[in-house]
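Under my numbering, the sequence shown has 153 at position 126, and the numbering climbs by one with no breaks.
In this text, a Cβ means the ideal position worked out from N, Cα and C, and glycines have one as well.
Just so we're clear, the structure is a prediction, and the values are computed from it rather than from any experiment.
Okay, so here's the structure we're looking at.
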Amino acid sequence: MNHITKTFDELTLRELYRILKLRNEVFIVEQHCPYQDCDDLDQVSLHLQMTDKDRLLAYARIVPPGTAYPDPSIGRVITRMNARGKGLGKRIMELAIDRCRSEFPGMPIRIMAQCYLSKFYKGLGFVDQGEEFLEDGLPHIEMVLT
Numbered sequence: 028m029n030h031i032t033k034t035f036d037e038l039t040l041r042e043l044y045r046i047l048k049l050r051n052e053v054f055i056v057e058q059h060c061p062y063q064d065c066d067d068l069d070q071v072s073l074h075l076q077m078t079d080k081d082r083l084l085a086y087a088r089i090v091p092p093g094t095a096y097p098d099p100s101i102g103r104v105i106t107r108m109n110a111r112g113k114g115l116g117k118r119i120m121e122l123a124i125d126r127c128r129s130e131f132p133g134m135p136i137r138i139m140a141q142c143y144l145s146k147f148y149k150g151l152g153f154v155d156q157g158e159e160f161l162e163d164g165l166p167h168i169e170m171v172l173t
């Protein structure tokens, strides 16, 4: 298993296609949530990919501070359905947290988590920030890691 981090401009067309395809498979089709995935944040973000033989297994993006939030944020965290239960979600988040800390030292890291995953993120050190809210029809909560 390999992992790589690239800027938007460093992504090949094939990599970008695999990323968008996986995000659509899970966030739109599997979760029955029609929403605009291409949100103009990809172009300024870092894209973390975990692959096995050119197959994208897990992904996350790091959005720089001052873009979506005043703090850097991690989002679009995803593990391919048939790769779940192997710790890849935790590993991609650990990689994303490490990259945030090296790129933006001393800054808190913010996420907008689906509520059913808040226990997972709390296990990584994130704490709730505010109240639950609906985003694209799904319950979310903002969380922060200091």
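What residue does the beta strand (DSSP E) around F160 start on, and which one ends it?
V154 to E162
Please name the residue, chosen from F131, P135 and I119, that lies closest to F153 on a Cα-to-Cα basis.
P135
Assuming F131 contacts P99 (C-beta within less than 8 Å), just tell me the rounded distance between them.
5 Å
Among K117, V90 and L83, whose alpha-carbon lies nearest the alpha-carbon of N109?
L83
Kindly indicate the opening and closing residues of the beta strand (DSSP E) around I119.
No beta strand (DSSP E) holds I119; the alpha helix (DSSP H) holding it covers L115 to E130.
Those residues which DSSP pairs with Y86 across a bridge:
Q76 and I105
Hey, how far is the Cα of L165 from the Cα of H59?
10 Å
D64 to R50 span [Cα, whole Å]:
8 Å
Who are the near neighbours of R177 in its chain, counting only those whose CB is closer than 6 Å to its CB and skipping five residues on each side?
Beyond the ends of the chain as shown, which are 28 and 173, falls residue 177; an answer cannot be given.
Would F35 and D69 qualify as a contact pair, given that the criterion is a beta-carbon distance under 8 Å?
yes
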